[in-house]
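**Student:** In full-length UniProt numbering, the protein residues as written are 1 to 181. Idealized CB from N, CA, C, for every residue including glycine.
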């Protein structure tokens, strides 16, 4: 069965190699040498970025971004948010991290995704209880999706994220996509 799935995934890749989600989806199914060959030949995809509008000004964040004038405060706020989530039992979902890191390294890599930085900025710049709206150029990962559901529960902040596939409206600890994306 696993071999059949692997063949189907590879078939999908070769039918539409320009779709980065197909490449990322099949990488874990391939042997290491096959995956490296696949990644060497694939076109470069745009890095993830998230946009928020606060006070009539558009702010852009990318993974691990420190170019924002208030990046120090943003990272401090993000650290505070994640600490509170962990106290409530949140565990990072590292299943999609393709980097060869230990579990702690994978969680660290996930913690600086663009939508989390944008969210932390909104926590700093908007009033408590006001909705947060984020636009993202790539699909939201499972870890960020799980975190956003828990952030609503912990901070009572309605969050709407528009990714490349759909709207994700986080309310009452649930997402409008019903965890399907």
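Around the Cβ of residue 52, are there at least 16 other Cβ atoms within 10 angstroms (buried) or fewer (exposed)?
**Tutor:** Answer is buried; the Cβ neighbour count reaches 16.
**Student:** What first and last residue would you give for the alpha helix (DSSP H) that runs through residue 153?
**Tutor:** Segment 142 to 155, the alpha helix (DSSP H) holding residue 153.
**Student:** Are there three or more Cβ pairs, one per stretch, closer than 8 Å when the stretch 66 to 85 is compared with the stretch 107 to 121?
**Tutor:** Output reads yes: the stretch 107 to 121 touches the stretch 66 to 85.
**Student:** Specify the secondary structure class of residue 108 as computed by DSSP and reduced to three states.
**Tutor:** Residue state, collapsed to three classes: helix.
**Student:** Below 6 Å CB to CB, which residues in the same chain sit around residue 106 once its five sequence neighbours on both sides are set aside?
**Tutor:** So the qualifying residues of the chain are 94 and 97.
**Student:** Leaving out five residues on either side along the sequence, give the residues of the same chain with a beta carbon under 6 Å from the beta carbon of residue 158.
**Tutor:** If we look at residue 158 and ignore the five residues flanking it on each side, its Cβ neighbours are 131 and 171.
**Student:** So, residue 161 versus residue 120, is the Cβ gap smaller than 9 Å?
**Tutor:** No, Cβ-Cβ distance for residue 161 and residue 120 is not below 9 Å.
**Student:** State yes or no: is the C-beta of residue 144 within less than 9 Å of the C-beta of residue 54?
**Tutor:** For residue 144 and residue 54, no; Cβs fall outside 9 Å.
**Student:** On a CA-only basis, which of 173, 156 and 168 is nearest residue 138? Give me that one, please.
**Tutor:** The candidate whose alpha carbon is nearest that of residue 138 is 168.
**Student:** Using 10 angstroms around the beta-carbon of residue 180, count the other beta-carbons present and answer buried if the total reaches 16, otherwise exposed.
**Tutor:** Looking at its Cβ environment, which holds fewer than 16 other Cβ atoms inside 10 Å, residue 180 is exposed.
**Student:** With a threshold of 16 other CB atoms inside 10 Å of the CB of residue 62, please say whether the residue is buried or exposed.
**Tutor:** So residue 62 ends up on the buried side.
**Student:** Compute the Euclidean distance between the alpha carbons of residue 83 and residue 129, then round it to the nearest angstrom.
**Tutor:** For residue 83 and residue 129, the distance between alpha carbons rounds to 20 Å.
**Student:** Take residue 177 and list the residues in its own chain whose beta-carbon comes closer than 7 Å to its own, dropping the five residues that flank it on each side.
**Tutor:** Contacts found: 166 and 168.
**Student:** Compute the distance between the beta-carbons of residue 65 and residue 117, then report whether it is under 9 Å.
**Tutor:** A contact, by the Cβ cut-off of 9 Å.
**Student:** Beta carbon of residue 192, beta carbon of residue 151: below 9 Å?
**Tutor:** For the chain, the structure presents residues 1 to 181; residue 192 sits outside this window and is missing.
**Student:** From the DSSP output, in three-state form, read off residue 67 for me.
**Tutor:** Of the three classes helix, strand and coil, the one that applies to residue 67 here is coil, per DSSP.
**Student:** Following the continuous beta strand (DSSP E) through residue 170, name the residue where it begins and the one where it ends.
**Tutor:** That run of the beta strand (DSSP E) goes 167 to 171.
**Student:** If you follow the alpha helix (DSSP H) that residue 117 is in, where does it begin and where does it stop?
**Tutor:** Counting along the chain, the alpha helix (DSSP H) containing residue 117 begins and ends at 114 to 125.
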